[in-house]
Amino acid sequence: MRRRLSLQARQLLAAGLALVAFLGLTGYALDRAFTEAALNSQRERLENFAKAYLNGAEVLRSGAIVMPQVPPDPRFDRPGSGLYAGVVGEGLRWESASALGRILPPPETGTPGAGRFDGPLQATESSGNALAVYRYSLTTIWETGRGDLELTLALYEDAGYVAGQVGVFRRTLWAWLGAAAIVLALVQALALRWSLRPVAGVEKALADVQQGSVARLVDEHPRELQPLTESINALIDSERRNLEQVRRTLGDLAHSLKTPLAVLQSRLEAGASGDELREDVRTQVQRMNDIVGYQLSRAARSGHVLYSAPLKIEGTAEEIVLGLEKIYATKGVLAEFDIDAAARFHGELGDLQELLGNLLENAFKWAKRRVALQVTTLPASQGKRAGVEFAVEDDGPGIAEDQIDRVLQRGVRGDERVQGHGIGLSIVQDIVAAYQGVLAVERSAELGGARFVARFPPQG
640 MRRRLSLQAR
650 QLLAAGLALV
660 AFLGLTGYAL
670 DRAFTEAALN
680 SQRERLENFA
690 KAYLNGAEVL
700 RSGAIVMPQV
710 PPDPRFDRPG
720 SGLYAGVVGE
730 GLRWESASAL
740 GRILPPPETG
750 TPGAGRFDGP
760 LQATESSGNA
770 LAVYRYSLTT
780 IWETGRGDLE
790 LTLALYEDAG
800 YVAGQVGVFR
810 RTLWAWLGAA
820 AIVLALVQAL
830 ALRWSLRPVA
840 GVEKALADVQ
850 QGSVARLVDE
860 HPRELQPLTE
870 SINALIDSER
880 RNLEQVRRTL
890 GDLAHSLKTP
900 LAVLQSRLEA
910 GASGDELRED
920 VRTQVQRMND
930 IVGYQLSRAA
940 RSGHVLYSAP
950 LKIEGTAEEI
960 VLGLEKIYAT
970 KGVLAEFDID
980 AAARFHGELG
990 DLQELLGNLL
1000 ENAFKWAKRR
1010 VALQVTTLPA
1020 SQGKRAGVEF
1030 AVEDDGPGIA
1040 EDQIDRVLQR
1050 GVRGDERVQG
1060 HGIGLSIVQD
1070 IVAAYQGVLA
1080 VERSAELGGA
1090 RFVARFPPQG
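Using the working numbering, the letters of the sequence shown map in sequence onto residues 640 to 1099.
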C-alpha cells in the first residue's frame, strides 16, 4: 500500500495547488488586460494619425487630393518602417512612402465619420514574405467643385509592434510571478512548519509516554489540540485503570480461591470418607465457580467505556421494574418514574442494566409502598457530551449516617462476594467508579427512606 501523505505534505500540496491556481489566474488576467490595453492604445494612435492626415489634406476643386507634405510621424516617409497610410476614393488612390514594396489590404469603406479598427490582417512584402498588420479605416465626405467626394483613409501598423510589447510584458510578468511563487512557497513552508510544530510536540510527548519517561501528556497545547490531548489523556488513564483493575481482579481471584482449595486439601489430608469428600468437593467447586464468575463479570464491567454510544434509559428501567414487581408482588410496591427524555447513558447496556437493576432491587427490598426513580441530564460545555444523574429512593427505614461509609466501602473480602451481603451496592460502586462518576447515599426528603444518587459527569 502506498504511504499516506503526512499532514505537512498535504498542507504544502494544497497550498501549492492554490498558489499555482491563483498566480496562474492572476497572470492570465493581467496578460489579457495588458493585451487589450495595447490594442486600444494602437487603435487610438492610428486614429490620431488619421485625423492628423485629414486635417492637413486638401482636395482641389478638380477633385484631386493633396496630402500634407509633413506626415504626423516620420515613419510614414520611411519605406518598410511598419507604419503605413493609404487613401482610396472615386478615381483616387494614394499611399504613403512607407508603403513602397508592400501590398496592403485595401481600406474598408464604412459609415462616414465612424472609424473601424480590425486585424491582424494579411499583407505581403515585395519579396513575397507575408506579414500581419492592424488597420484603422475612416470614411469622410469632401465637398468639391464636382460635388461630394467620398474618401476612405486607412492607417496600418505591423502587428509585430503590439506583439513585441505584449512579449516584453509577458516575460516580465511571468518572471516576477515565478519569483513571487518561490518566495510565497518558502513562506508557506515556514508557516506550515511553525503552525504544525504543536502537532510534532504531541507526537514527541506520545513517544515519551510510550517510553515511560512521562505519565501523561502535558496540558500546554493550542486550543485546537486541547480536545485531542484531553481524549488521549483520558484514554491513557482509562487503560491504566483497566490494567490496575485486571491486576486487582487476578489478586482477588487468587486470594479468594485459596480458602476453598485449602479446605479441600485439609479434607484430603484428614482422610474424610467418600460421601463426605464428595459433598465437600461439590460445595467448594460451586463456591469457586461463583467466585470466578463474579470476578470475570467485574473485569468485563471495567472494560473500555470511553467512546460508547448513548443509550436511552426509560425502556431499560421499565423492563427492570416489571421484573421486580413480579418478585415483590406481595408487598404491592408502587414505582414512580421522572425521567428526562433527553437523558442518555454513554456506556455499555449491561452496565446500565446492572446499575438500575441493583439500585432498584435494593429499593424494592427495603421499601414499604413506594419507590421513585429520577433521571436528569447534566449540561455540558462545548465539545463535551452531557452527563446524567440517577436518583433512586424509597420509603423504607433508610441508612444511618454513620453506616453509609461501611455500606459503600470497597475491597471488603468475605461478605463482598456472598449473595445477600452487599454485592449489589458493591457492583454499583464499581460501575460508577469505572465511568469516573460519583455515588452518594442520602436521606430521601420526600419518601423518608434511603436515596442513592449515581452522578456521571460530562466528558469530552
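Glycine included, C-beta positions come from ideal geometry on N, C-alpha and C.
Everything numeric in this text was worked out from a predicted model, so none of it was measured.
Which stretch, first to last residue, makes up the alpha helix (DSSP H) that contains residue i?
| i | result |
| --- | --- |
| E674 | Looking at the sequence provided, one finds Thr at residue 674 rather than Glu. Its alpha helix (DSSP H) spans residues 646 to 695. |
| I959 | 953 to 966 |
| A820 | 798 to 834 |
To which residues of the same chain is residue i closer than 7 Å at the C-beta, ignoring the five residues directly before and after it?
| i | result |
| --- | --- |
| L764 | Before going further, note that residue 764 is Glu rather than Leu in the sequence given. Correct list, in chain order: G740, R741, L770. |
| L823 | L658 |
| L743 | Y723, G725, A762, V772, Y795 |
| G1059 | Model confidence at G1059 stands at a pLDDT of 46, short of 50, so the residue's coordinates are unreliable and nothing is read from them. |
| R643 | none |
| Q804 | A677 |
| D670 | R809, L812 |
What are the boundary residues of the beta strand (DSSP E) that includes residue i?
| i | result |
| --- | --- |
| D979 | Here D979 belongs to no beta strand (DSSP E), and DSSP marks it neither H nor E. |
| F1003 | F1003 -> not in any beta strand (DSSP E); alpha helix (DSSP H) instead, spanning 988 to 1005. |
| E1032 | 1026 to 1033 |
| T1015 | 1009 to 1017 |
| P710 | Counting along the chain, P710 falls outside any beta strand (DSSP E), and DSSP gives it neither H nor E. |
| L699 | It is not in any beta strand (DSSP E) - L699 carries neither H nor E in the DSSP assignment. |
| A616 | Residue 616 lies beyond the stretch modelled for the chain, which goes from 640 to 1099, so this question has no answer here. |
| V1080 | 1077 to 1082 |
| L722 | 722 to 728 |
| G767 | That residue, G767, is in no beta strand (DSSP E); it is neither H nor E in DSSP. |
| V1092 | 1089 to 1095 |
| E734 | 731 to 734 |
Given residue i, which residues of its chain have a CB within under 6 Å of its CB, disregarding the five upstream and five downstream residues?
| i | result |
| --- | --- |
| G942 | At G942 the pLDDT is 49, less than 50, meaning the model places this residue with poor confidence; the figure from the coordinates comes in the next sentence. Once the five neighbours on either side are set aside, G942 has no close Cβ partner at all. |
| R717 | S737 |
| R1082 | G1037 |
| D787 | I780 |
| R1090 | E1032, E1081, S1083 |
| T778 | T748, G749, P751, T791 |
| G1050 | Its pLDDT being 45, under 50, G1050 is placed unreliably in this model, and the value from its coordinates should be taken loosely. The answer is none, since no qualifying residue turns up. |
Since residue i and residue j should fall inside the 8 Å C-beta cutoff, what is the C-beta to C-beta distance between them, to a whole number of angstroms?
| i | j | result |
| --- | --- | --- |
| V1046 | I1038 | 6 Å |
| A691 | P711 | 4 Å |
| I1070 | L994 | 5 Å |
| R1008 | L973 | 6 Å |
| N872 | L856 | 5 Å |
| L1101 | G666 | This structure does not reach residue 1101, given that the chain is present from 640 up to 1099, and the question cannot be answered. |
Alpha carbons only, please: which of the options is nearest the one belonging to residue i?
| i | options | result |
| --- | --- | --- |
| K1132 | P1096, R810, F1091 | A question about residue 1132 goes unanswered here, because the residues of the chain that appear run from 640 up to 1099. |
| A1079 | E1085, L678, G1087, Q1068 | Q1068 |
| S834 | R1094, A1084, Q1021, Q650 | Q650 |
| L731 | L790, R855, L889, R671 | L790 |
| A982 | L1017, V920, A968, G971 | L1017 |
| G954 | T922, L856, L991 | L991 |
| S1125 | S766, E1040, G728 | In the structure as shown, the chain begins at 640 and stops at 1099. Residue 1125 is therefore absent and cannot be evaluated. |
| E958 | T922, F984, L999 | L999 |
| L988 | L693, G913, I966, L950 | L950 |
| A1093 | V1027, S1065, G1035, Q1042 | V1027 |
Counting only beta-carbon atoms, is residue i nearer than 8 Å to chain B?
| i | result |
| --- | --- |
| P1018 | Of the protein chains in the structure, only one exists, and it is not chain B. |
If you drop the 5 nearest sequence neighbours on each side, which residues of the same chain put their C-beta closer than 8 Å to that of residue i?
| i | result |
| --- | --- |
| Q647 | L831, R832, L835 |
| E1085 | A1011, E1032 |
| M640 | A caution first: M640 carries a pLDDT of 41, below 50, which makes its placement in the model unreliable, though a value can still be read off. Same-chain partners within the cutoff: there are none. |
| A653 | none |
Hey, is the stretch 812 to 831 in contact with the stretch 791 to 801, meaning 3+ C-beta pairs nearer than 8 Å?
no
Quick one: any contact between the stretch 711 to 728 and the stretch 672 to 679, if contact means 3 or more CB pairs under 8 Å?
no
Does the stretch 811 to 819 come close enough to the stretch 746 to 761 to have 3 or more Cβ pairs within less than 8 Å?
no
Pairing CB atoms from the stretch 680 to 687 with CB atoms from the stretch 840 to 849, are three or more of them under 8 Å?
no
Are the stretch 999 to 1017 and the stretch 973 to 991 touching by the rule of at least three beta carbon pairs closer than 8 Å?
yes
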